[in-house]
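Residue numbers (our numbering), protein chains in the order written: chain A, 93 to 388; chain B, 11 to 304.
Written out as structure tokens, the structure reads:
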């Protein structure tokens, strides 16, 4: 039957294209990871295997050179703060927006989408100008540096949390809540005893996504930064990727960033899958992937 | 009842206040700086009161992006690079999305995982990977040398490298919505078209392709938006002003220092261009939905 409705017959060239695409999208990254183990200083010519850029070299390796360790620590610090602020903010906003019908709800929905539909550069420029030019409270309290970086990251992370939590809300449907209401629960009770427990896995998953978004963010983090103390790993990559003096330690730090991100996303996936199994929702793998990329 | 509705609003309030402070007010700050003055130390003096707005910088920005203006090369590069990248994303991405959605069979789970993976490798890491490969002594030149190609400088102002890097960077964001769109198409529609005597090729062009058109548009919007603010791809892969895009111009004006007013005005130009594009997108999606409904 599928032969009958498929215009391309045996999809040999489609299969070839797909595997070629996958190789093309992943092998260069793999090569960059392999080069972090290069024995020489080059990041483009293989000179044998060593771990000198990871921990071997007492001054220049990732775990010894303060440029790299500081960036690692600062990246993790920003990610932790972003998670702590963006997740509750976005979680409440998602629940609120999904039920709130009335004056203001339309503009609130629109506002939530703005960070997802403007180039990050426009957001970064606007935040930079407001923090450096506007001389009224609360903006005078905010200096460039860690505070501004966290605010910038939270501002775009919130939208992702809202998207993830709302898509879970939509897949739950109104039945649970209606049942609770029919049994005499107030809106507050049904929220507290029915919706919140059901949404907890989505909240946890979005926390991990925020972590990954924060670790990978470059534009806003760079615009909000203030000197050496506030450099993150992506900022190091941008500043040094083309430097002639840069060693494979840069590849090593990039590898760490990739691993940390994948651990976060993998954790989010496992949480959602565990949740899906419990609720008997087996065909949700694709949807979960969508959720994890923050796309609707 | 009145009391119950207000729960939902009060849950939204912290998030809405946050977005107001850090999305709406900053957007107004861009306008205030673009419409402001510049002091003797070349620092911007924002004008918060619309009555006293100075349109000089905005005029300058809008006239600089048309043919003959200072930033016309950047505008031209942006248009050409973005158009070619979207085309390449479609040419490569559509077959991939089609295969994974329709033909992958038991491999579907694994393939999905593999096409999701690049999402979670930082964009800059993926650029770093190509910097290593495209280096003068890198593997790209080595392999091209085997088949008789001469030595090529890929990383100094080469527009082809920039387009390739943009395609590499943004294609996952295109494939995903297209995959989702293709996956949603009801197989019975295709069976119906075959039953009614359409050839397989004809069914593809008359059923599958039109039904996936909205997701192709969505994927294109998703990659066009960030490309208009992209300066890092160019800085990393080319590093030469010849391949500058609008994002580079904005970044240089704002972060470079002394021309923040013009930089803010350029952001307004950028947003105007994108707003026109978005309006077309919304109009086109609405038209598609009406067509499907009738």
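The beta carbon of each residue, even a glycine, is placed where N, CA and C say it ideally should be.
The structure displayed is predicted, hence computed values, not measured ones.
### Query
So what does DSSP say about residue 225 of chain A, is it helix, strand or coil?
helix
### Query
residue 147 of chain B touches chain A at which residues, Cβ-Cβ below 7 Å?
136 and 137
### Message
Which of the three DSSP states is assigned to residue 139 of chain A in this structure?
### Response
coil
### Query
How many Å lie between residue 20 of chain B and residue 205 of chain A at the Cα?
19 Å
### Query
Which value, in whole angstroms, describes the spacing of the CA atoms of residue 292 of chain B and residue 157 of chain A?
50 Å
### Task
Return the first residue and the last residue of the alpha helix (DSSP H) that residue 205 of chain B is part of.
197–205
### Query
Which residues does DSSP pair with residue 55 of chain B in a beta bridge?
B/47
#### Entry: Three-pair Cβ contact test at 8 Å for the segment 270–289 of chain A versus the segment 207–223 of chain A
no
### Task
Show which residues of chain A have a CB atom less than 8 Å away from the CB atom of residue 102 of chain B.
109 and 113
### Query
Any idea which residues DSSP pairs residue 130 of chain A with across the strands?
A/141
### Task
Would you mind telling me which residues of chain B sit closer than 7 Å to residue 55 of chain A, beta carbon to beta carbon, in chain order?
Any property of residue 55 of chain A remains undetermined from this structure, which presents chain A solely from 93 to 388.
### Message
Taking 7 Å as the threshold (beta carbon to beta carbon), is residue 225 of chain A in contact with chain B?
### Response
yes
### Task
Measure from the alpha carbon of residue 253 of chain A to the alpha carbon of each residue in A/228, A/267, A/273 and A/293, then state which is nearest.
A/293
### Same chain, Cβ closer than 7 Å to residue 203 of chain B, five either side skipped, listed in chain order
213, 216 and 217
### Query
Candidates B/89, B/155, B/181 and B/130: which alpha carbon is nearest residue 351 of chain A's?
B/130
### Message
Taking beta-carbon pairs under 7 Å, can you tell me which members of the segment 162–192 of chain A lie near chain B?
### Response
181, 182, 184, 185, 187, 188, 189, 191 and 192
### Query
Within 7 Å (strictly less), CB to CB, does residue 132 of chain B reach chain A?
yes
### Query
Whose Cβ in chain A lies nearer than 7 Å to the Cβ of residue 92 of chain B?
Correct list: empty, because the minimum Cβ distance to chain A is about 12 Å.
### Query
Are the Cβ atoms of residue 233 of chain B and residue 170 of chain B separated by less than 7 Å?
no
### Task
Just the chain A side, please: which residues come within less than 8 Å of residue 168 of chain B by C-beta, in chain order?
Within chain A, no residue comes near residue 168 of chain B; the closest Cβ sits about 14 Å away, beyond 8 Å.
### Query
Whole alpha helix (DSSP H) runs in the segment 230–276 of chain B with 4 or more residues, listed along the chain?
242–247 and 256–265
### Message
Taking 7 Å as the threshold (C-beta atoms), are residue 226 of chain A and residue 39 of chain B in contact?
### Response
yes
### Query
Which of the three DSSP states, helix, strand or coil, is assigned to residue 163 of chain B?
coil
### Query
Where does residue 352 of chain A sit, in a helix, a strand or coil, going by DSSP?
helix
#### Entry: 7 Å Cβ cut-off: residues of chain B touching residue 212 of chain A
236 and 239
### Message
Here's the rule: buried if 16 or more other CB atoms are within 10 angstroms of the residue's CB, otherwise exposed. What is residue 290 of chain B?
### Response
exposed
### Task
For the alpha helix (DSSP H) containing residue 66 of chain B, list its first residue and its last residue.
66–74
### Query
residue 335 of chain A by DSSP, collapsed to three states: which one?
coil
### Task
Assess, as a yes-or-no matter, whether the segment 152–164 of chain B is touched by the segment 141–150 of chain A under the definition of 3 or more beta carbon pairs within less than 8 Å.
no
### Query
Would residue 144 of chain B pass as a contact of residue 329 of chain A if the rule is Cβ separation under 7 Å?
no
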